[in-house]
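*Asks:* In this note's numbering, the protein residues as written are -2 to 267.
Take a look at this one; I'll ask things after.
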């Protein structure tokens, strides 16, 4: 699912909140950029930008947040659990200015700075740095590293732009083309992480799987966080020794017997 700030998907029409209560001089605006460098959105006509017309102010803190569902209902499919977020951005700033991206899964009671801490989320590359100007549009991609029992109903991402005391006459920060990818699961499947055990986890790929239900026959699938299947096998016992030839990363293991489906997050570390 995605949006280019045109809000064609009703699920995300109210997702963006520009905080003018705590930050009455908030510069973030959604609209058509008409600035010196920021002259167009990445796609469509609108983007979210630190003022669509004027350079950003000095000594300013501007904040907006995105509230998105942790579980996304899909008619005919069941529901999906958030696995990735992606967006495009540009920066035109001075050396003393900085952008910060934070994450909350408790309705904003606590926040984790994702530009310095990857405890809860795993970046598809290195941690991003929003502290210098970019050469054109840049792509930011984040893979969620918790799944699915720790997911709340809603997940919050907060973008903060902080400028220093120097007047720069620059354009600031522009962000567009948000995409939220969900790992989809079937309607009638029962998800209960207590049905199986995996040991060790994290592992180098050698894992012992045990079914607590006593099921002898089951299907085991492993996918990456983009939903691509990377391993599959069937079992003939309630205990299986798995040897997964996978590179380091976070994966999703789906165990399906005749009565239930269990999903576990799996971490490979060599």
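Where a beta carbon is used, it is the ideal one built from N, C-alpha and C, also for glycine.
In this text, all values refer to a predicted model and were calculated from it rather than measured experimentally.
(1) For residue 173, which residues does DSSP report across the bridge?
(2) Are at least three pairs of beta-carbons, each pair with one atom in the region 164 to 173 and one in the region 231 to 240, less than 8 Å apart?
(3) For residue 269, does the three-state DSSP call read helix, strand or coil?
(4) Can you tell me whether residue 80 is buried or exposed? The criterion is at least 16 other CB atoms within 10 Å of its CB, across all chains shown.
(5) Between the C-alpha atoms of residue 226 and residue 215, what's the straight-line distance to the nearest angstrom?
(6) Can you tell which of 110, 206, 130, 133 has its C-alpha closest to the C-alpha of residue 124?
(7) Grab me the residues of residue 19's own chain with a C-beta within less than 8 Å of its C-beta, minus the 5 sequence neighbours each way, in chain order.
(8) How far does the beta strand (DSSP E) with residue 254 in it reach, from first residue to last?
(9) Using DSSP bridges, identify the partner residues of residue 220.
(10) Do residue 95 and residue 128 count as a contact pair if the criterion is CB distance below 7 Å?
(11) Answer with buried or exposed for residue 140, where buried requires no fewer than 16 other C-beta atoms within 10 angstroms of its C-beta.
(12) Please classify residue 166: is it buried, with 16 or more other beta-carbons within 10 angstroms of its beta-carbon, or exposed?
(13) To the nearest angstrom, how far is it from the Cα of residue 255 to the Cα of residue 152?
(14) Any idea what DSSP makes of residue 153, helix, strand or coil?
*Replies:* Quick answer:
(1) To locate residue 173, count along the chain shown from 1; it is residue 176. 85, per the DSSP bridge assignment.
(2) No, they do not touch.
(3) Because the chain is modelled from -2 through 267, residue 269 falls outside the range shown and cannot be assessed.
(4) Residue 80 sits at position 83 when you count from the first residue of the chain shown. Buried, since its Cβ has 16 or more Cβ neighbours within 10 Å.
(5) As a position in the chain shown, residue 226 is number 229, starting the count at 1. As a position in the chain shown, residue 215 is number 218, starting the count at 1. Each residue's Cα considered, the two are about 17 Å apart.
(6) In the chain shown, the residue the question calls residue 124 occupies position 127. Residue 124 has its Cα closest to that of 110, out of 110, 206, 130, 133.
(7) Sequence index remark: in the chain shown, residue 19 carries index 22 (1-based). Within the same chain, residue 19 has close Cβ partners 60.
(8) Locating residue 254 in the chain shown gives position 257, where the first residue counts as 1. Taken as a continuous stretch (DSSP letters only), residue 254 belongs to no beta strand (DSSP E), as it is neither H nor E.
(9) As a working mapping, residue 220 is identified with position 223 in the chain shown. Answer is 226, 249.
(10) Start at 1 with the first residue of the chain shown, and residue 128 comes out as number 131. Start at 1 with the first residue of the chain shown, and residue 95 comes out as number 98. Result yes, Cβ atoms of residue 128 and residue 95 sit closer than 7 Å.
(11) Numbered from its first residue, the chain shown carries residue 140 at position 143. Around the beta-carbon of residue 140, 16 or more other beta-carbon atoms lie within 10 Å, marking it buried.
(12) For this step, residue 166 is matched to residue 169 along the chain shown. That one is exposed.
(13) Residue mapping note: residue 255 aligns to position 258 of the chain shown, counting from 1. Residue mapping note: residue 152 aligns to position 155 of the chain shown, counting from 1. In this structure, the straight-line span from the alpha carbon of residue 255 to that of residue 152 is close to 33 Å.
(14) Position 156 of the chain shown holds residue 153. Residue state, collapsed to three classes: strand.
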